[in-house]
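Chains as they are written, first to last, in this note's numbering: chain A, 112 to 780; chain B, 222 to 418; chain C, 136 to 392; chain D, 678 to 1107.
Shown next, in structure tokens, is the structure this report addresses.
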Amino acid sequence: MNFGRRTLLQFAGGSAAGALFTPIPWRLLWDSAVWTQNWSWIPKLPRGEVTEKFSTCTLCPAACPVKARCVGNQPVSLTGVAATAESNGALCPVGLAGHHLPYHPKRAVLPFRRRSVNGKVAVSPLSADEAAAAIAERLNALPAGQSTVILDERPGRVTSRIYQTLAAKLPRGEYVTSPQTEGGTLAKLESLTGTPAAMNMAGADLVVSFGTPLLDGWGTPGRVFAARDRFRLIQVEPLLSRTAAAADLWIPVYPGTEAALALGLLNLLTGAASGWTPEKVQSVSGVPAESVARIAAELKAAKAALVIADGDPGGGAFSPDEQSLFAALNLAVDSAVHPCGVPRVTRPIEALPDASIGVLLCDAASSGAGTPWRVIARKLAPAAMVVSLSPFLEGYGRHAELIVPAPAYLESLQEVPTAPDAPAAGFALAPPLIPARPGATEPAEFIARLAGEPVTLSVELKKHVEALHATGKGEVVRYAGGEVTPVKDFKTSDELWNALNQGACWRQGLPAGMYASKPSARLLQAAVQSAERRLAAGGQTDPARPLMLITTAWRATAGNAQVSPLLTKLYQESELREPGNSAAIHPDTSQKLNLKHGGQAILTTACGSCPVAIVVDAGVMPGVVSAVIGPTVDSIGAAPRNGGSTIGDICAPDGDAPWRVTSAQLRRA
Amino acid sequence: MKHSGKISFFAGFAVMLAVGWAGFPRLLYRGTPQPLSFSHKVHTGEKAGMKCEDCHVLRASGSFGGVPALESCAGCHAAPMTGTAPEKRLIDNYVTPNREIPWLIYSRQPDNVYFSHANHIRLAKLACKQCHGDHGDTDTLRPYQEDRVSGYSKDIWGSSISRISFGRGRRDGMRMDDCVSCHREHKVSDSCLACHK
Amino acid sequence: MSTTTAKNAKNARYGMVIDLDRCNGCGACMVACAVENNVPPAQAKATARTGITWMRVENVANGASFPEHRTAFIPIMCQQCGEETPCVSVCPQQAVEVDPKTGIVDQMPQRCLGCRYCMAACPYHARYFNWWDPEWPAGMEKALNPEVAPRMRGVVEKCNFCHGRYHAAKAKAAAAGRRDIDPADYQPACVEACPTRAIVFGDLDDRSSQAAQLAKSPDAFRLLPKLGTEPKIYYLTRRPWVREIASASSPAEVRRG
Amino acid sequence: MASQSTFDRHLIIRGLERCSTPRFLLWLLPWVLLLAFGLYGAGLCLVRGLNQTNMDNRFAFGLWIFLDLTVIALGAGAFFTGFLLYILKKKELKAVINSAVVIGLVCYSGAVAVLAVDVGQPLRAWFTFWHPNTHSMLAEVTFCITCYLTVLVIEYLPVILRNRKLRQIPSFLLFEHELHKLMYVFAGVGTFLSFFHQGSLGGLYGVLHGRPFAYRAGFALWPSTFFLFILSAAAVGPSFIALSTWVVSKISRKRLARPEVYDLLGKVSGRLLILYVLAKTVDTVIWINATSPDRGFPAAMFYSWKPFGTWLLFAEIALFGLLPALILLDGKRRRRMPWLISAAALASAGIALNRFVMTIQTLALPTLPFDRFLTYFPSWQETATFLAVVAFGVLVYSFSFRYAVLFPQEKELNVAQPSQPEPELVAVGD
């Protein structure tokens, strides 16, 4: 027997036949299929006991109570707390995925410095001490006429108070707040009358909203939606926003002429703005005369009406001149505003002289609004140092030379001040649910170090709670179960502190009295005059830029805020929300400009230009461009990126008022 | 010449049978010793007298605690009780530095399996032994055998590669088929998502 | 075959009623759904046609132009068809079935071979294919929901009424020695998250449930009613134009703007 | 005789003229390159996943399924010729049966290969056999195609075993002989399987009651498309055999089959095609007036989206159905090659159009009232994968043609002609 090729083949044939009678092929078939069900690059699930913990959302000023489902030290989902009136179980999409933020790809964990070298951006890590030293060096050599500014986007906190104290210790230190949108009308009312004002939305039967996204990122969603069934909503806005779509009545108005309608209403209600007949209002604002009369009649008939003109988080606040008018309207009707709340301390950054900031320290908290960088940039001196204390590289971090990251959401003990729509003053703690990463620095503590005045935030918070306890006023709502306990039932301040640390909020009781219901003639006169001045100043058109650009943002997705990468569900994996840098125009406008839905275009204003994606939307007023400040599809989850224009960068702020309307030009890219 | 063809064919056949039945199972699994030796027998025996559920707790939420965390061990073994070598290792390597013991779980199902001990213990009234056999009476922990391809514990497939076992009543293997056959036998739900997640 | 015996809980027929007049299109349901069901963020190249949104809020318009233009939002997920379930009969390897105990259309990604026949069969476009392997930014995998297994690329997935929550409710009942779950323990993530309380979930066979009552409302309707698929998702609206569009039995019936 | 440079002479069947080896290799080269390119594209899809394609959640099926359906329909010539030859005893068709078997094998194996890339988890595809859903048309298709592919391989074996070299092995010769005697059985089994899976492929879309554009009422389990697909595949199969034989004879510059064979193929095709056109028309009328409106979808709506207007329906039934059927039924025209081949080509294009309408148009059309009409264009990876199948088919056919007897009449038809051009001058040669 010789072993030739044929023998080998026969042997192989035998082996192949034999293999069929062994487990090898069958088991491998099974195993390979099972392998595809568990292959190693799919993450393994966390294991452990599932527990429920509570905190309070700090992503925007709304102060929503949060229930977290946790596995060990890791929240795996967040929801609202159904048992409290503050939440009614609601949380916005940004808050629902807030527990992802510590793992955001654009998060900074350690401090670093960003320098422009030969036109390229170089990034070098450094320690918090080195960062503090670098800032101190700059502070010591601060040129005359330049100031050190702490920018606080969430005033009303204990931290804000610390900042005010520290500002006094810094060389030519100033404490400023960013342009506020939410709570603007009530803040104005407060400053006009000297009485703290809060709204009792739950008792309102009519709400007239001027461009306020009442149902889409304003106030505390749970509270607004719970009240929504009881009030009639009239939305005055140049485009069919989500709020306008869900309102009982939508009144389209030419951009920038809201004050004209308010004057007309005030005229019909009080006779103060003589000359502002419904016909004149129609000619200025485009609102039909009969609509003006109808709204006035409804306001007159309402038992508890509210006029809210807080503006859009991306559209900017109304000017103080216009705001006095809206505040006055609240006084001219039977109002749902009552004398309650905490005096608001705001020092708008607009008050600073232009080009005066030498060092800008940006706090980590976000107002939720999309403040265009230009609003801040025009106040910066040449070669000013911008320090971002936010844990994210986007937002103000995009413009900062130094980044000293704060702990991310849920990583450290934080505080939550009164919500803008709260019926009374409130306070809550946001206990941490995730262990903080080493390297993060509490902004207030960092600035305190610069001022040579060490502060520990948790100690200050404890002091605040002790003070609350000492007053014996108000009540505490525990998130677990919604149980309400009067403050005076807490025997010690430690008991109160512990309750707040387990998830609870403190709130002031509602007042019995009413807000001053009749405005003085002097107040009305002043409001009318300033609004008229404002209207006269606006409205100049530039033939080169024939379109009116209005900007919108969805709260907590623009400005200094950051969203979970999971929000691609809304922006990229569906067309539910328009991503940042998209520009909506009416079909007529698109036809005139020869632009198609989904096409690329260049949006140009006096301040620059920005590439935009065109959205053709029959709900936008012809001649108007409604552009979105917010996360762009490629920036929701992508790697850090610096530069690139956004809509916010090309909005033109003017004088005391921001960027509500900018004349613009749109052409095909 | 005429027969040599058949001979080499059957030689190949026989060699393959041997490789497939004897060699392949050894090659398929990777054995890893447990981090610490542990005797269930000592703990459940007369001396300690513990029951399964003393350590393997069923929580009120219905979730199952599985292999107990270190604190259960440290409850008794914070200081040496018996002075044995494994106990010393337990205290030195885990209890003192407060480090969880990385046990390898024989009966661990993949992530896509939902198994409720609550359903099986409280409602079906199954005894631990019915699925876990005499694991609770063993004196040592055998090495953990992992399927190199699928990553499953050998206990999932069962001890016999042919899946023919001559055990005494208990089911050998914890594959889906094993679950399904018992479910069908007892006329309880066998829909996919009843046991998958 | 399956009968209610002592061994089995009573059968339910879970369904939803969605009030389109309450929905303001915020997207909370979509995000809550993705968090609950471990659906990953989009890959860079994903689009509205390749992304995975078990819950998807569609925007519809009345076709009129400014200022008569109006929009409404229609949340769409698996409609849990009760009759002639289009996806069940087509699956070649029994990866889809209707669970007689819950009425939920089960999709088993681990059984699925990714032929996508069920996607072609589904008139509601409620099924999603994993065009990519799932990927989470580093660290975010720690925040995965332990009750739901992540899927792999190449398989189909869809809404299953948050089956992980059903499991948890079952386990809780079992630990207390009960076979029937407490309805309060089982609410899908979208229902829980909806800030306007537009979605009501419950057993449609349980006359006392709010869902069963709302489903009988004269304002209630279902999508593509003439297909005979008997979905268990009901919609409510009192706006005639919304009803006209949403309850139309085909695109042909919708007035084109 | 073949030229000096024919190194593989010992492999070529005695009495058959084949081009020189270098020429043959040159002919193979572009196809090999195309195959390599296509395999690269398919490899990307397998390794990186189906994100490499332009399919999406709405267009869940694309180019691949469309081509699978087309290719399998065209491959129907294999079973139907076998059916005519072995069961109905049409002896003339012995002249093309081997070629038909190779074409069938190429079409089916190509389709199965593409399906393996098309599914997201090919390693789990065997679950269909282990956990079959007997209600699913796709399970039916999978079973039948797998079985029929096995039958085709068995039918292909004798063709291969008659190769000069392989015949030297006595056991192979014996095997071939025995196999040949059983061919009637395989032809019968193959016919049954083919009828079934051609039908199931039709059923695939006909059962989609959520897609009223595709849904058809039917008999018992099967929608009307089940029967229409069988009929159309049977009708076009012979046409495609005639077409392919003609193409091969043009490329090889040889006469491969007698005119009677072409004529018979054309006649069978024509008769079945007219039957199909009639049935399809009746079916369409029922669908327009009853099936579709009953489900809430007025049929006119389907044709309101450009470019898929009613012209498509007209083209499918009249231009690519009725017209070739009439040509093929007219004996005088049919016997003239240009008419026959044109009609065969039209019929083949018609079946492709029908499969296109069933797959692509069905998915492009909206179902929900607020849906949009969608478009889709395949990515290069999808196209390349398909081209790999074409290249694979050409290569298998080329090798089979060179080393086996695909056309038994070839020897006598070409020997009898002294004016046969020199093999060296033959441009392309298998």
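The C-beta atom is built at its ideal place from N, Cα and C for all residues, glycine as well.
Three-state secondary structure assigned by DSSP to residue i
i	result
F201 of chain C	coil
R752 of chain A	Annotation note: pLDDT 41 at R752 of chain A (below 50); position unreliable, coordinate value reported separately. Residue state, collapsed to three classes: coil.
K164 of chain A	strand
R191 of chain C	strand
G160 of chain C	coil
V899 of chain D	In the sequence as presented, Val is not what sits at residue 899 of chain D; that position holds Trp. Correct three-state label for W899 of chain D: strand.
D760 of chain A	helix
H708 of chain A	coil
E292 of chain C	strand
Y861 of chain D	helix
P1098 of chain D	The pLDDT assigned to P1098 of chain D is 45, lower than 50, so where the model puts this residue is not dependable; a value taken from the coordinates is nonetheless given after this. It is coil, neither helix nor strand.
L326 of chain A	coil
E379 of chain C	helix
Residue i: first and last residue of the uninterrupted alpha helix (DSSP H) it sits in
i	result
A357 of chain A	R353 to A357
G129 of chain A	R116 to A130
E855 of chain D	P847 to K858
K262 of chain B	H261 to T265
I780 of chain D	K771 to D795
M814 of chain D	M814 to L838
8 Å contact criterion, which residue i and residue j should meet: CB distance rounded
i	j	result
G1042 of chain D	F1050 of chain D	The sequence shown places Leu at residue 1042 of chain D, not Gly. Yes, they are in contact, since the Cβ atoms of L1042 of chain D and F1050 of chain D sit about 7 Å apart, within 8 Å.
G162 of chain C	L212 of chain A	Wrong, their Cβ atoms sit about 17 Å apart, outside the cutoff.
T552 of chain A	A239 of chain A	5 Å
M165 of chain C	V192 of chain C	6 Å
A662 of chain A	A738 of chain A	For clarity, residue 662 of chain A is Thr in the given sequence; the question names Ala instead. That pair is a contact at about 5 Å.
Partner residues on chain B for residue i, Cβ-Cβ distance less than 8 Å
i	result
K155 of chain A	D332
Per-residue contacts from residue i into chain C (C-beta, under 7 Å)
i	result
F342 of chain A	What F342 of chain A touches in chain C: nothing, since even the nearest Cβ is about 14 Å away.
S813 of chain D	S224, V225, C226 and P227
Y219 of chain B	Missing from the structure shown is residue 219 of chain B; chain B here goes from 222 to 418 and no further.
Residue span of the beta strand (DSSP E) that contains residue i, given as start and end
i	result
V278 of chain B	Run containing V278 of chain B: none; DSSP gives neither H nor E here.
W361 of chain A	L360 to I362
C616 of chain A	A615 to R618
P186 of chain A	Q185 to T190
C473 of chain A	I468 to C473
R339 of chain A	That residue, R339 of chain A, is in no beta strand (DSSP E); its alpha helix (DSSP H) goes P332 to R339.
Residues that residue i contacts on chain A, provided the C-beta gap is smaller than 9 Å
i	result
V170 of chain C	V187, S188, L189, L207, A208, H210, H211, S675 and L677
R801 of chain D	S143, A144, T147 and Q148
Within chain C, partners of residue i - CB distance below 8 Å
i	result
Q798 of chain D	C247, L248, G249, M287, G289 and V290
L829 of chain D	Going along chain C, no residue has its Cβ under 8 Å from L829 of chain D, so there is no contact; the nearest lies around 21 Å.
Listed by chain order, chain B residues near residue i by CB distance under 7 Å
i	result
I135 of chain A	G241 and F245
Partners in chain A for residue i, counting only beta-carbon separations shorter than 7 Å
i	result
W982 of chain D	Here the premise fails: no neighbours, minimum Cβ distance about 17 Å.
Listed by chain order, chain C residues near residue i by CB distance under 9 Å
i	result
Y214 of chain A	W271, P272, A273, G274, M275, E276, K277 and A278
### Query
What beta strand (DSSP E) runs, 3 residues minimum, are completely inside the region 248 to 277 of chain A?
258 to 263
### Message
My parser needs the beta strand (DSSP E) runs of 3 or more residues fully inside the region 274 to 360 of chain C; what are they?
### Response
DSSP runs (the beta strand (DSSP E)) wholly in the region 274 to 360 of chain C: 334 to 338.
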